[in-house]
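In our numbering, the protein residues as written are 155 to 257. Below: the structure, in structure tokens.
Below, the structure written as structure tokens:
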């Protein structure tokens with residue numbers, strides 16, 4: 155079980171000793187005295203910054219609303235359907251037909 159107060163567990167790049175850094179700066183190996191330079195954190199931060207710079211900026215979609223919407227009564231819509239030659243089925247709503255098509 156890792157104890158937070160001991161810091162981060164490290165592996166000495168020189169002698170291979172495993173040790174805790176005890177949250178000290180600079181990090182020094184207790185066996186051989188090699189000073190450990192933390193380059194991974196700077197590299198990771200730089201990589202995140204570069205990734206954020208390369209990420210595409212999402213633009214807000216603007217909904218285009220027509221200035222004058224055409225309002226058509228139900229009777230006029232039924233006449234247009236009849237004129238177009240479409241077949242109208244009595245007793246079946248559009249919603250019921252859509253539900254019947256779904257598996």
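Quick reminder that beta carbons are idealized off the backbone N, C-alpha and C, glycines included.
Taking just the CA atoms, how far does residue j sit from residue i?
| i | j | result |
| --- | --- | --- |
| residue 160 | residue 204 | 32 Å |
| residue 184 | residue 215 | 58 Å |
| residue 164 | residue 178 | 12 Å |
| residue 173 | residue 181 | 10 Å |
| residue 190 | residue 201 | 21 Å |
How should residue i be labelled, buried or exposed, when 16 other C-beta atoms within 10 angstroms of its C-beta is the threshold for buried?
| i | result |
| --- | --- |
| residue 186 | exposed |
| residue 169 | exposed |
Grouping DSSP H, G and I as helix and E and B as strand, with all else coil, what is residue i?
| i | result |
| --- | --- |
| residue 176 | coil |
| residue 225 | coil |
| residue 218 | coil |
| residue 182 | strand |
| residue 189 | strand |
Using a beta-carbon distance below 9 Å, is residue i in contact with chain C?
| i | result |
| --- | --- |
| residue 178 | Note that chain C does not occur in the displayed structure, where there is just one protein chain. |
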